[in-house]
Each structure stands twice: as C-alpha cells, then as structure tokens.
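Below is one structure, written out as structure tokens; comments come after it.
Numbering (the numbering used here), first residue to last: 2 to 240.
Set out below in structure tokens:
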C-alpha cells in the first residue's frame, strides 16, 4: 500500500508539472486589436485603429488590445508583459489584455507612459470606465468605454491634446452614466493585475477578481488524479 501511495504522489507531481509547464501560444501582432474570441465587433475594431492613429499623432503612443478565452493557467500579468515585449511595443504605448473565460485582465503601460501618468489616474479610469462592463461580461462595451478616456489621460500626461470625437460615441455616453458610484477602486479591486512598465523596471498592484474559478489545466490534473486513485482502490479490493 505504501508503494502505491508513493507512486500516486510521484505521478501527481509529474502531471502537475506537465500541466503547469504547458506551452502558451502568443498571437502575432495584427493591428491594434487582436481578438481570438470574435466578441469584439468590426465597428469597435475600426474605432480602436482610428484612436491609435490619433494618439500616435498626439503623444507618440498607441493603444493595443488582446482578447482571448483562456491562458491555460499562465498569470495574466506575466502573459501581458511577455506579449508587450513580443509585439515590440514602445515606451509610450499601452496594452490591455482581457481573458474572458478566467474573468481576469491586465493593463500594461510602457515605461515613459507609466512615468508620466500617475498610477492613481490609471486606477480611477479603469475603475470607472472598465470594471462595471467587464463584470457584467459586456466585453465590447468595456473596451469601447475605457480606451478613449485612458488615451485622453495619457495625452494629458504628456501635455498634449487628443480629439476622440466620433469614436465609440454610444459607448462613451453609457460609460459615463454607469461610472457614478465606482470611484472607490482601491478597496474593491477589479482585475488580477495592473502593471506599469516592462522588464525589471515595473511595479505591480494585485487585485482579486470576483470569481477566479479553476483553470482548464487544473481541472484536467484533478480528473486524472481521481482516475488513478479509483483504479488503485479497485485493484486493492479485488485482492
């Protein structure tokens, strides 16, 4: 029996290692929005591209968004930092990563932008213009609501003007209406991580989502472990 227990423990460790080290696929950079879910409409995609053109003309940075269902257990902040580097985004760009199936997201600011934009400003923008829609799983609305305001604040941080007229018009109105009562960002928390900068020169602020749930890899691991234990118990009874 002891040998069986040792075998189960070793097998569990091997399976856990395999699940935790599974390869993560990083998408190719294809415009300012890469959406593997198909949940973001073409109109919002066009407005994101137009907004990024205007932000680049204003203060030299662009807005990028990546939307996916799962990350296979990889922490969203780690994925965002790696994706920021793989896409070779600049110090004045910012990247918003949204993971629908895991209900997590991360905002990553380039180093120059994070130095110019006060952290509390980014916190308040995400709290007011992103969190309500994201928690209601209105993902397109969340993107359309937060990007114009985040870009306005970024331009203001560099003492530049930014025209966002004609972009996300309907969404912006709804976002302003829903923003009341959501200013207490720090105590409530809206996402897993809000990162500033890249590499070793960044600071991190952790927040817990409402429903973290199980990652797909964890479910597979528990299912295999339960099957192994069942077989061991059944074989012992037969003896």
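Idealized CB from N, CA, C, for every residue including glycine.
CB contact flag (residue 118, residue 143, <7 Å): Counting from one through the chain shown, the residue named residue 118 turns up at place 117. Counting from one through the chain shown, the residue named residue 143 turns up at place 142. Not closer than 7 Å, so no.
State buried or exposed for residue 176, treating a residue as buried only when at least 16 other CB atoms are found within 10 Å of its CB. In the chain shown, the residue the question calls residue 176 occupies position 175. Summary for residue 176: the model assigns pLDDT 41, below 50, so the residue's position carries little reliability, and this model does not support an answer.
In terms of DSSP beta bridges, what is residue 67 paired with? Translated into positions along the chain shown, residue 67 becomes position 66. According to DSSP, residue 67 bridges with 35, 98.
Please state the DSSP three-state secondary structure of residue 26. Start at 1 with the first residue of the chain shown, and residue 26 comes out as number 25. Coil at residue 26, not helix or strand.
Under the DSSP definition of a beta bridge, which residues are partnered with residue 105? Here the question's residue 105 lines up with position 104 in the chain shown. For residue 105, which the question treats as bridged, DSSP gives the partners 100.
Pair within 7 Å by beta-carbon distance, residue 154 and residue 105: Along the chain shown, one-based indexing puts residue 154 at 153. Along the chain shown, one-based indexing puts residue 105 at 104. The answer is no: Cβ separation not under 7 Å.
Span separating the alpha-carbon of residue 93 from that of residue 112: Sequence index remark: in the chain shown, residue 93 carries index 92 (1-based). Sequence index remark: in the chain shown, residue 112 carries index 111 (1-based). Looking at the two C-alpha atoms, the distance is approximately 7 Å.
Roughly how many whole angstroms lie between the Cα atoms of residue 88 and residue 227? Start at 1 with the first residue of the chain shown, and residue 88 comes out as number 87. Start at 1 with the first residue of the chain shown, and residue 227 comes out as number 226. In a straight line, the C-alpha of residue 88 is about 40 Å away from that of residue 227.
To the nearest angstrom, how far is it from the Cα of residue 197 to the Cα of residue 46? As a first step, residue 197 is located in the chain shown; it is residue number 196 there, counting from the start. As a first step, residue 46 is located in the chain shown; it is residue number 45 there, counting from the start. Residue placement at residue 197 is poorly supported in this model, since its pLDDT is 36, which falls under 50; the coordinates still yield a value, given next. So the two alpha carbons sit approximately 25 Å from each other.
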